[in-house]
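> Pasting a structure below so you can have a look.
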Amino acid sequence: MIGPKTFLSLMVLITGPWAPVVTAQAADTLNGPPSAPFFNRTDASLAAGFVAGTFGLAFADQHLAHAFQDPSLQESVTARRTADFFEFMGHPAPGIIGLSLYGVGRFIIRDSHVAALGLHGLEALLVSAGATGIIKGVMGRARPYVQADTVPFDFGFGRGLRGREYRSFPSSHTSAAFAVAAFTTVEMSHLVDEKDWWPGWKYVIGGAMFGGAAMVGMSRMYHDQHWASDVVAGAAIGTFSGIKTVSYAHRNPTNRIDGWLLSMTVLPGRGRGATIAWAVPEPFGRTTRTARR
């Protein structure tokens, strides 16, 4: 069974130092020029940490899988409800929240900052989903339940394309959760600096977001859908997806995706119709407005 020490150790291994590292480099992530290197030394350190964590936990995969499937833990109503909640927070909650923020900001309160927060969050989710989907299909790792948690190194090239039981590595729920955690941490760190709030809020928010993301990963282990190393790999992909998506959006504010989706406006038309208008970016920084009914 998962005891308090094992639980806390796993939380630390999954979450790692990512929250303080991501928070500390938030200013560089957002304020660098478009010509700045897309990957830097901090990224290399993060990647090395994730790789080490993935390989390190791989040798404990079977032990941890058995611990999570302990009958006393599986029969606990509290554990089951907690796992169900955090699994939902890994999917579909991030997509729902992102769409809601974009829709409310764009069409209801007309706040471009809220709309951008939702749009960029959705972009981070799409990047992480695309990366995890490709790797899942290629690696073809069997989920823990396929062979009763006894064969953690059951990989098969391309086997993930056959069915979901061979799409264990990496965890897409965890990837989505960490993409949201990284994206939100960077954005909120920027807001704290901009509003001159207490600097410690950046680390409080980052710790809460990454801690919650780690719980999403453990909920998937509780449901016997992933090995521990799947979770760490998903955390790596999600973290980089969140950081790099928000970095690109802030360093390239005139990119075409933002230009189309953040400038779209729905206006009343004649009769029962409606008009959808865009400010469409053109070369050399000029914009024109078009409208369709």
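Per this note's numbering, the very first residue in the sequence shown carries number -16; after that it's consecutive. Glycine included, C-beta positions come from ideal geometry on N, C-alpha and C. None of these values were measured; they are calculated from a predicted model.
What's the gap between the Cα of Thr157 and the Cα of Trp180?
Answer to the nearest angstrom: the Cα atoms are 30 Å apart.
> In three-state DSSP terms, what is Thr115?
Looking at Thr115 - three-state DSSP - the assignment turns out to be helix.
> Roughly how far, in whole angstroms, is the beta-carbon of Val229 from the beta-carbon of Glu170, given that I think they are within contact range, below 8 Å?
Contact flag correct, Cβ pair sits at about 6 Å.
> Which parts of the region 211 to 246 are runs of the alpha helix (DSSP H), unbroken and 4 residues or longer, counting only runs that do not cross its ends?
Counting whole runs of 4 or more residues, the region 211 to 246 contains the alpha helix (DSSP H) stretches 211 to 234 and 239 to 244.
> Just to confirm my understanding: we take Thr(-2), look at its own chain, exclude 5 residues before and 5 after, and list those with CB closer than 7 Å. What are they?
Cβ neighbours of Thr(-2) beyond the five flanking positions: Phe193, Gly194 and Ala197.
> At the level of alpha carbons, what is the spacing between Asp137 and Ala191?
Spanning the two alpha carbons is a distance of roughly 34 Å.
> Taking the straight line between their C-alpha atoms, what separation do you get for Leu82 and His103?
The straight-line gap from Cα to Cα measures roughly 10 Å.
> Please go through the same chain and pick out, in chain order, the residues whose beta-carbon is closer than 7 Å to the beta-carbon of Ser111, but skip the five residues on each side of it.
Excluding residues within five positions, the ones whose Cβ falls inside 7 Å are Ser158, Ala159, Ala162, Ile220, Gly221 and Ser224.
> Would DSSP call Pro3 helix, strand or coil?
If DSSP states are grouped into helix, strand and coil, Pro3 belongs with the helices.
> Evaluate contact between the region 40 to 54 and the region 211 to 218, counting only Cβ atoms and requiring at least three cross-stretch pairs below 8 Å.
Cβ pair count under 8 Å is three or more, so yes.
> Give me the Cα-Cα distance between Leu56 and Ile(-15), rounded to the nearest whole angstrom.
The straight-line gap from Cα to Cα measures roughly 8 Å.
> Taking only the alpha-carbon atoms, compute the straight-line gap between Val97 and Arg89 and give it to the nearest angstrom.
Looking at the two C-alpha atoms, the distance is approximately 8 Å.
> Do you know whose CA, among Pro3, Phe33, Gly189 and Phe71, lies nearest His206's CA?
The candidate whose alpha carbon is nearest that of His206 is Phe71.
> Candidates Phe51, Leu47, Pro54 and Phe152: which alpha carbon is nearest Phe140's?
Cα-wise, what sits closest to Phe140 is Phe152.
> Since Glu70 is in the alpha helix (DSSP H), which residue starts that stretch and which ends it?
Run containing Glu70: Val60 to Gly73, per the alpha helix (DSSP H) assignment.
> Thinking just about the alpha-carbon of each residue, which of Tyr186, Ala48, Phe22 and Gly146 is nearest to the one in Leu(-7)?
Checked all of Tyr186, Ala48, Phe22 and Gly146; the closest Cα to Leu(-7) is Ala48.
> Which stretch, first to last residue, makes up the alpha helix (DSSP H) that contains Phe33?
Residues Arg24 to Ala41.
> Have a look at Asp94 and Pro135 and give me their C-alpha separation to the nearest angstrom.
The alpha-carbon atoms of Asp94 and Pro135 are separated by roughly 48 Å.
> Please check the pair Thr6 and Lys185, which I expect to be a contact at CB under 8 Å, by giving their CB distance rounded to whole angstroms.
That belief holds up - the Cβ atoms of Thr6 and Lys185 are roughly 5 Å apart, short of 8 Å.
> With the cut-off set at 8 Å, would you say Val199 and Gly36 are in Cβ contact?
Not a contact, by the Cβ cut-off of 8 Å.
> Please report the straight-line C-alpha distance between Glu265 and Asp241, rounded to a whole angstrom.
The pLDDT assigned to Glu265 is 49, lower than 50, so where the model puts this residue is not dependable; a value taken from the coordinates is nonetheless given after this. Approximately 13 Å, taken between the alpha carbons.
> Look up Asp44 in the DSSP assignment and say whether it is helix, strand or coil.
In this structure, Asp44 counts as helix in the three-state DSSP scheme.
> Which residue's Cα is closest to the Cα of Leu144: Thr133, Arg126 and Lys119?
The shortest Cα separation from Leu144 among Thr133, Arg126 and Lys119 belongs to Lys119.
> With a threshold of 8 Å on Cβ separation, who are the neighbours of Gln130 within its own chain once the five nearest residues in sequence on each side are excluded?
Counting only Cβ-Cβ distances below 8 Å, and skipping sequence neighbours, we find Asp137.
> On the CB-based measure, 16 or more other CB atoms within 10 Å of its CB, does Leu(-9) come out buried or exposed?
Per the 10 Å Cβ criterion, exposed.
> Thr115 to Leu108, Cα distance in whole Å?
Between Thr115 and Leu108, the C-alpha separation is close to 10 Å.
> Measure the C-alpha to C-alpha separation of Glu106 and Leu100 and round it to an integer number of angstroms.
Computed Cα separation, rounded: 10 Å.
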